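Position in the sequence shown counted from 1, then plus 312, gives you the working numbering.
Where is the CB? At the ideal position from N, CA and C, for every residue including glycine.
Being a predicted model, the structure only gives us computed values, none of them experimental.
For reference, the structure discussed in these notes is given below.
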Amino acid sequence: MSKALEVIVLAAGEGKRMNSRLPKVLQPVGGRPMLAHLFDAVAGLQPARVHCVIGSGSEQVRQAFEDRDIQWVEQHERLGTGHATIQAMPGIDSGSRVLVLPGDTPLVETRTLSLVATEGADLSILEFRPSDVTGYGRILRDEDGRVVGIREEKDASESERAIGEANSGILSARADLLAGWLERLDNDNAQGEYYLTDCIRLAAESGASVQAHLADDPEQLLGANNRRQLAVLEQAFQARATGRLLDAGVTLADPSSVVLRGSVETGRDVFVDRNVALQGQVRLGDEVTLGIGCVIVDCDLAAGTRVHPYSVLEGVRTTGACQIGPFARLRPGSELAEGSRIGNFVEMKNTRLGPGAKANHLTYLGDAEIGPGANIGAGTITCNYDGANKHTTRIGADAFIGSNSALVAPVKIGEKATIGAGSVITQAAPAGELTLARARQKTLEGWSRPVRKPPRD
Ligand code: UD1
Ligand code: CA
Numbered sequence: 313m314s315k316a317l318e319v320i321v322l323a324a325g326e327g328k329r330m331n332s333r334l335p336k337v338l339q340p341v342g343g344r345p346m347l348a349h350l351f352d353a354v355a356g357l358q359p360a361r362v363h364c365v366i367g368s369g370s371e372q373v374r375q376a377f378e379d380r381d382i383q384w385v386e387q388h389e390r391l392g393t394g395h396a397t398i399q400a401m402p403g404i405d406s407g408s409r410v411l412v413l414p415g416d417t418p419l420v421e422t423r424t425l426s427l428v429a430t431e432g433a434d435l436s437i438l439e440f441r442p443s444d445v446t447g448y449g450r451i452l453r454d455e456d457g458r459v460v461g462i463r464e465e466k467d468a469s470e471s472e473r474a475i476g477e478a479n480s481g482i483l484s485a486r487a488d489l490l491a492g493w494l495e496r497l498d499n500d501n502a503q504g505e506y507y508l509t510d511c512i513r514l515a516a517e518s519g520a521s522v523q524a525h526l527a528d529d530p531e532q533l534l535g536a537n538n539r540r541q542l543a544v545l546e547q548a549f550q551a552r553a554t555g556r557l558l559d560a561g562v563t564l565a566d567p568s569s570v571v572l573r574g575s576v577e578t579g580r581d582v583f584v585d586r587n588v589a590l591q592g593q594v595r596l597g598d599e600v601t602l603g604i605g606c607v608i609v610d611c612d613l614a615a616g617t618r619v620h621p622y623s624v625l626e627g628v629r630t631t632g633a634c635q636i637g638p639f640a641r642l643r644p645g646s647e648l649a650e651g652s653r654i655g656n657f658v659e660m661k662n663t664r665l666g667p668g669a670k671a672n673h674l675t676y677l678g679d680a681e682i683g684p685g686a687n688i689g690a691g692t693i694t695c696n697y698d699g700a701n702k703h704t705t706r707i708g709a710d711a712f713i714g715s716n717s718a719l720v721a722p723v724k725i726g727e728k729a730t731i732g733a734g735s736v737i738t739q740a741a742p743a744g745e746l747t748l749a750r751a752r753q754k755t756l757e758g759w760s761r762p763v764r765k766p767p768r769d
C-alpha cells in the first residue's frame, strides 16, 4: 500500500530582500499571493494534510487563507529552512512520505511536484537548470554522478559556483528518515542557519537512496527573494496565462500587453485587444470582444457582448449580446440584457437594463430598473442618494427620458412615458403621457440689451 503524503510549506521567512511590509509569501503574482498558487498546485496531489510553517506576519498569512484546510505551525525564530521543517515534524505521521517546498516558488505545477512527491528513493530532490543560477543552492555529485549534497551559494567555492544544476528547494522523503537527518543538522555555515539542504549530505552519508529529478521546465521553479525576481516571475506567469488563453481559442491582439489577475473562462472566438486587464473571476462567452484598454473585473459577459475601448467594468453581468462603451464605467450590480446599449461617459451601478434599452451618452444610472426598449437621453441622472439612503428608480418599457433630466428617487416612470428634456422628476410619471418638469420658456418682446455707459471724465 502506498504511503500517505504529507506536505510542508515553508513560509516563515520575512523576505527582507523584498523591502516590504507584506510578508514575502503574500506578495502577489498574477494578482494572487504566491502562497495561493502553491496551495493550489499542492492540492492537485491530494495530500493527506498540508502543514504550513509561518513566522513573520503569521497572523496576516493565516487570515489570507482562512477558508483553506491548512495545519498552521509557528516558527518563533528564523533559524533556517531545516529549523523551519523541524517545527512541522511533530504533526507528521512517521509512516508517511513528506514533501517539503518553499513558499516562494509560485509557478510550480502539480505535475512537476508529482515528479518528486511519488515514492521512490528514500530522498528525492527536484533540480533545475535556470538561465541564471545565482542565489540557488548547487547540486554536488561524486565522480560516479551520484548526488552527495547541496552547497548554498554563500558557502560555495568558486568551482562549486560554476555548477549549473540548481536546487529548487523542493524535496520529498520518508518521514521517519527525514526526522533523523533533521535531528543531526548544525548551523556551522556562512549564514549560521540550519539548512534543510544539509539533509542531502546526511542522507547520502547514511547510505540512503537519493535521487535528483531534473525538471524539464526550469521556469516553474524560479524563486522570488527580491522584487527583481518577483518581476521576472510575474512576466513568466503572464506569458503562461496568456498562452493558455490562446490555446483555448482566444485571439489576443498583443499577448504581452494583456494583464491577467485571476481566473478567466472563455468561449470560442473571443477577441481581446491590446492593454486589456482581466481580474478576479471573469467569464467571456462566445465571440465577446474587448476593445483596447478595457479593465474587466469579476464579470460574466454573455456571447456576443462587445465592449468598446477604455471601458471599466466591475461586477457586471450581461445576459445577451449588447454593446458597452467606449469610455463606460459599469460598477457592481450592473446587468445588461440582449440588444441593450451603454455609450460613452455613462456610469452604471446596481442597475438592470432591459432588452434593447439604451443610454448612449453622459449618464448616471444608479439603483435603477430600466424596462425593455427604454431610451435614456444624454445627461440623464438618477438621483438615487438623498444623503442618507439609496432609493430606486423604475423606468417602464419603451419610456423615453429627454436629455438632461434628473430623476429623483424613489420615482417611477410609466411604460411608454415621455419625459421632456431638462425635467426634474420628483413624482411618478404616468404611462404613455408626456411629463415636463421645468420652467416654461417665455420671450420678452421688445426687450433690448443693456449698452455700455460711455467712460466718465
Ligand atoms: C533555498 C535553498 C536553496 C534553493 C532555494 C530555491 C536552503 C538553505 N536553501 O534558498 O538551496 O536553491 O531555496 O528557491 O534551504 N523559511 C522559513 N524559515 C526560516 C528560513 C526560511 O520558513 O527560518 C522559508 C522562507 O519563508 C522561504 C523558504 O523557507 O519561503 C526558503 O527560504 P529562502 O530564505 O527564500 O531560501 P533561499 O535562500 O532562496
Ligand atoms: Ca527563496
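Classify residue i as buried or exposed, calling it buried when 16 or more other Cβ atoms lie within 10 Å of its own Cβ.
| i | result |
| --- | --- |
| E546 | buried |
| D528 | exposed |
| H525 | buried |
| A485 | buried |
| L557 | buried |
| V736 | exposed |
| E439 | buried |
| Y697 | exposed |
| Q635 | buried |
| R752 | exposed |
| E431 | exposed |
| D585 | buried |
| Q375 | exposed |
| H395 | buried |
| S370 | buried |
Can you tell me which of the options puts its alpha carbon nearest to the alpha carbon of residue i?
| i | options | result |
| --- | --- | --- |
| K328 | S368, V341, L322 | S368 |
| R344 | Q753, Q550, A711 | Q550 |
| E386 | V373, A478, R361 | V373 |
| A700 | G637, G492, A721 | A721 |
| I404 | T578, K315, H673 | K315 |
| D434 | G689, L338, C511 | C511 |
| K661 | H349, Q635, L350, T704 | T704 |
| V412 | P402, S436, G432 | S436 |
| V365 | P359, M346, N331, P414 | P414 |
| D612 | P621, G645, D585, G603 | G645 |
| G708 | G685, S715, I693, A690 | G685 |
| D416 | A429, K336, G668, S332 | K336 |
| M330 | W493, T393, V428, G535 | G535 |
| L490 | E470, A468, S521 | S521 |
| Q383 | S406, A711, I688, I320 | I320 |
| S406 | P418, T446, Y448, G492 | G492 |
| V607 | G579, T631, R643 | R643 |
| E647 | D610, F639, R664 | R664 |
| L674 | D710, A718, R706 | A718 |
| P742 | V723, V544, R750 | V723 |
| R750 | R761, N716, W759, L756 | N716 |
What whole-angstrom Cβ distance do residue i and residue j have, given they're in contact under 8 Å?
| i | j | result |
| --- | --- | --- |
| A733 | G744 | That pair is no contact at about 18 Å. |
| G666 | G678 | Contact doesn't hold; Cβ gap of about 16 Å is too wide. |
| E650 | A633 | 6 Å |
| G574 | L590 | 7 Å |
| V576 | V600 | In fact, because the Cβ distance is near 11 Å, the residues do not count as touching under 8 Å. |
| L596 | V582 | 5 Å |
| L317 | R409 | 5 Å |
| A478 | G457 | The pair is not a contact, with the Cβ atoms about 17 Å apart (cut-off 8 Å). |
| P442 | P567 | That pair is no contact at about 23 Å. |
| I693 | A671 | Going by Cβ atoms, the distance from I693 to A671 rounds to 11 Å, so no, they are not a contact pair. |
| G592 | G637 | In fact, because the Cβ distance is near 19 Å, the residues do not count as touching under 8 Å. |
| S652 | G668 | 6 Å |
| P418 | H363 | Not really, about 18 Å apart at Cβ, beyond 8 Å. |
Legend entry - Cβ contact check for the segment 530-546 and the segment 504-520: 3 or more pairs under 8 Å: no
Legend entry - Entirely enclosed beta strand (DSSP E) segments - the segment 644-728, minimum 3 residues: 646-648, 653-661, 670-678, 680-682, 693-695, 705-707, 718-720, 723-725
Legend entry - Contained beta strand (DSSP E) runs [length at least 3] in the segment 602-636, N- to C-terminal order: 607-609, 624-626, 628-630
Inset, instruction - List in chain order: all unbroken beta strand (DSSP E) runs of 3+ residues lying wholly within the segment 363-424. - result: 383-386, 409-414
Inset, instruction - Within the segment 519-553, note down every full beta strand (DSSP E) run reaching 3 residues or more, in order along the chain. - result: 522-526
Legend entry - the segment 349-358 contacting the segment 392-410, beta-carbon criterion three pairs below 8 Å: no
Inset, instruction - Just list the alpha helix (DSSP H) runs in the segment 417-491, keeping only unbroken ones of 4 residues or longer that don't cross its boundaries, in chain order. - result: 422-429, 470-473
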